[in-house]
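Asker:
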Amino acid sequence: MAGIWKSTTIRGLTVGGLAAGALGIAVLWASGVEFPFYPPPGLLLLASGAAFVGVAKRAWAPGVGAFLGLFVIVGFVLSSVVSGAGTGNLTGDAGIGGVIGTVIQLAGVVTALVAGSVAVGREYRAGR
């Protein structure tokens, strides 16, 4: 089974994860969750990160996606600890839109973190 996933496929999963994370933030925003800035910075960061990882041909580029995924996960944990906003959205404090947006966002950024890390390792082993 080793080698069944090509590096480009895993890089594509990184891009897809970042795009899903951005979509999740857009759903949160559309459902009325308040953000400290307009537009939500996470939306812009994840969308531009997805574009960068998709276009850049360097072996380390998926690592940017992994870092952005980790950044958003840490932000979720911190917002949950400090104000309860992260877990509040997940448990329904912001309504069903908040739950759906948070689930999409977290699934996307976890995918980006894992796939980006794997893609960097594979691309360096392949000598790119």
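Just so we're aligned, residue 3 is where the sequence shown starts under the numbering used here, counting upward by one.
Positions of the beta carbon are idealized from the N, C-alpha and C atoms, including for glycine.
Bear in mind the structure is a predicted one, so any value in this text is a computation, not a measurement.
Below 7 angstroms CB to CB, which residues in the same chain sit around residue 28 once its five sequence neighbours on both sides are set aside?
Answerer: 45
Asker: Taking all protein chains shown into account, do 16 or more other C-beta atoms lie within 10 angstroms of the C-beta of residue 38, making it buried, or fewer, making it exposed?
Answerer: Exposed is the label assigned to residue 38, since fewer than 16 other Cβ atoms lie within 10 Å of its Cβ.
Asker: Look up residue 38 in the DSSP assignment and say whether it is helix, strand or coil.
Answerer: coil
Asker: Flag this pair as yes or no: are the beta carbons of residue 52 and residue 118 separated by less than 8 angstroms?
Answerer: No.
Asker: Using a 10 Å radius around the Cβ and a threshold of 16 neighbouring Cβ atoms, would you call residue 106 buried or exposed?
Answerer: buried
Asker: Which whole-angstrom value is the C-beta distance of residue 88 and residue 81, which I expect to be below 8 angstroms?
Answerer: With 8 angstroms as the limit, residue 88 and residue 81 qualify as a contact, their Cβ atoms being about 4 angstroms apart.
Asker: Does the structure place the segment 49 to 65 close enough to the segment 87 to 104 that three or more beta carbon pairs sit under 8 angstroms?
Answerer: no
Asker: Using a 10 Å radius around the Cβ and a threshold of 16 neighbouring Cβ atoms, would you call residue 11 buried or exposed?
Answerer: exposed
Asker: Short check: CB of residue 14 to CB of residue 110, under 8 angstroms?
Answerer: Contact: no.
Asker: Can you tell me which of the three DSSP states residue 85 falls into?
Answerer: Shown here, residue 85 sits in coil according to DSSP, grouped into three states, outside any helix or strand.
Asker: Under 6 angstroms Cβ to Cβ from residue 21, same chain only, skipping five residues before and after it: list those, please.
Answerer: 52
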